[in-house]
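Asker: Heads up: the sequence shown runs through residues 24 to 94, numbered per the working numbering. Built from N, CA and C at the ideal position, the CB exists for glycine as well.
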Amino acid sequence: MHAGEKVDPSKGALGTAISVNPEQLLSFAEAGNDRYVLIEVKSGKSFTYYAGAAWQGHNFFNKDDTWKDYF
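Structure, rendered in structure tokens:
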């Protein structure tokens, strides 16, 4: 899941992302301005996820697609 938010238009947007095992994915949810990824986990078993964030004001991630492709 990827989300972008223009916190301050003069300073660019903030992008966040999370990656989980697609076999564990149940659904997505929203509450107010927050977004959630709901996954199935088993008690006593580990699970893996990857999360990241990027600021559009940095020269490396100056376009939305740059961050999506990187993640």
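#1: Suppose you measure from the CA of Leu37 to the CA of Leu61; what does that come to, to the nearest Å?
#2: With the cut-off set at 7 angstroms, would you say Asn80 and Lys34 are in Cβ contact?
#3: For the beta strand (DSSP E) containing Glu12, name the first residue and the last one.
#4: Which residue's Cα is closest to the Cα of Asp57: Ala77, Lys91, Thr39, Thr89?
#5: Alpha carbon to alpha carbon, what distance is there between Ser66 and Asn82?
Answerer: Reading off the structure:
#1: When rounded, the separation of the alpha-carbon atoms in Leu37 and Leu61 is 22 angstroms.
#2: It is Gly, not Asn, that sits at residue 80 in the sequence shown. In this structure, Gly80 lies near Lys34, with their beta-carbon atoms less than 7 angstroms apart.
#3: Within the shown structure, residues of the chain are numbered from 24 to 94, placing residue 12 beyond reach of any answer.
#4: Minimum Cα distance to Asp57 is reached at Thr39.
#5: Their Cα atoms are separated by approximately 42 angstroms.
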